[in-house]
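To keep things clear, I will list the structure first and then write my remarks on it.
In the numbering used here, the protein residues as written are 459 to 574.
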């Protein structure tokens, strides 16, 4: 039985970001996502603003960020949708990336409502 607090789905851009990383960095990012699902660790999964969150990984002096939002509209599972990712050398998250995640979130729920 899983003890996960939520499941994670990756949109195309998030998958492409992960696929573009070297193997060790990708494994570390995915491990941290797996670990974040087990508990509420703000070092690994942190709210940025409003509805936008980020999975956080520091590996080999680089900051890997995968932006995400919650989808609690399902009947069974709580799902975190990962929108896209970036690699950066400083701790500050660019506002344009947060804004991009918010646009993707709005489009996701608009499409989901259309498909009902």
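Heads up, the beta-carbon is just placed ideally off N, CA and C, and yes, glycines get one too.
Spell out the partners DSSP gives residue i in its beta bridges.
i, result
"residue 516", "521"
"residue 503", "513"
Can you tell me whether residue i is buried or exposed, with buried defined as 16 or more other CB within 10 angstroms of its CB?
i, result
"residue 477", "exposed"
"residue 561", "exposed"
"residue 481", "exposed"
"residue 492", "exposed"
"residue 559", "buried"
"residue 474", "exposed"
"residue 526", "buried"
"residue 479", "buried"
Quick check on residue i: does DSSP put it in helix, strand or coil?
i, result
"residue 473", "helix"
"residue 567", "helix"
"residue 467", "strand"
"residue 540", "strand"
"residue 529", "strand"
"residue 547", "coil"
"residue 479", "coil"
"residue 553", "helix"
Measure the Cβ-Cβ separation of residue i and residue j and say whether it is below 8 angstroms.
i, j, result
"residue 524", "residue 543", "yes"
"residue 539", "residue 469", "yes"
"residue 545", "residue 522", "yes"
"residue 506", "residue 556", "yes"
"residue 529", "residue 496", "no"
Whole-angstrom Cβ separation of residue i and residue j, contact assumed at under 8 angstroms?
i, j, result
"residue 483", "residue 518", "7 angstroms"
"residue 563", "residue 541", "7 angstroms"
"residue 548", "residue 512", "That pair is no contact at about 14 angstroms."
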